[in-house]
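Visitor: With the working numbering, letter number 55 in the sequence shown gets 56, and the count goes up by one each step, no holes.
Even glycine gets a Cβ: it sits at the ideal position worked out from N, Cα and C.
Every value quoted in this text rests on a predicted model; they were computed, and no experiment measured them.
Below is the structure I would like to discuss, written out as structure tokens.
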Amino acid sequence: MGLTIKQTEIVFDTSTIQIGNLLYAKHSSWKEGKAGFVTSVTKEQIIVQYHPKIGNVTNHFFLPINEVIKNEWEIRWSIDLLEIYKYTPSTKDESEKLE
């Protein structure tokens, strides 16, 4: 199951990752990753809502496609936590299923 599609340009595969999916991501500049729920998916960007460890507060982070294809993000996602996928741009289908 690939996270991206190569057309004339590389874009997110909106049929693979959808609103409500669980997603963990860590930007190369962050010490720790963040886990949350996908709240928006377009071909250019994924928005994830997460809890920043402050009561009654939620926040969002953004995964722009141009940063993802530059390998600036470590990404794992799941629909139901029974199957977890990891984005790895070096593999043939650009993602792999974790065991």
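Looking only at its chain, what residues have a beta carbon closer than 8 Å to the beta carbon of residue 82, apart from the 5 residues adjacent to it on each side?
Guide: The answer, listed in chain order, is 23.
Visitor: Tell me which residue opens and which closes the beta strand (DSSP E) that residue 75 is part of.
Guide: Element bounds for residue 75: 74 to 79.
Visitor: Examine the ligand HEM and report whether any of its heavy atoms sits within less than 7 Å of the Cβ of residue 49.
Guide: Here there are no bound small molecules, and the ligand HEM is not part of this structure.
Visitor: Less than 8 Å between the CB atoms is what I'm expecting for residue 76 and residue 4, so what's the real figure, rounded?
Guide: Yes, residue 76 and residue 4 are in contact; Cβ-Cβ is about 7 Å, under 8 Å.
Visitor: Using a Cβ-Cβ cut-off of 7 Å (strictly less than) and excluding sequence neighbours within five positions of residue 92, which residues of its own chain qualify?
Guide: Because residue 92 sits at a pLDDT of 46, beneath the cut-off of 50, its placement in the model cannot be relied upon, and the following sentence gives the value as read from the coordinates. Hits under 7 Å: none found.
Visitor: Relative to the C-alpha of residue 36, which residue among 43, 30, 50 is closest?
Guide: Comparing Cα-Cα distances from residue 36 to each of 43, 30, 50, the minimum goes to 50.
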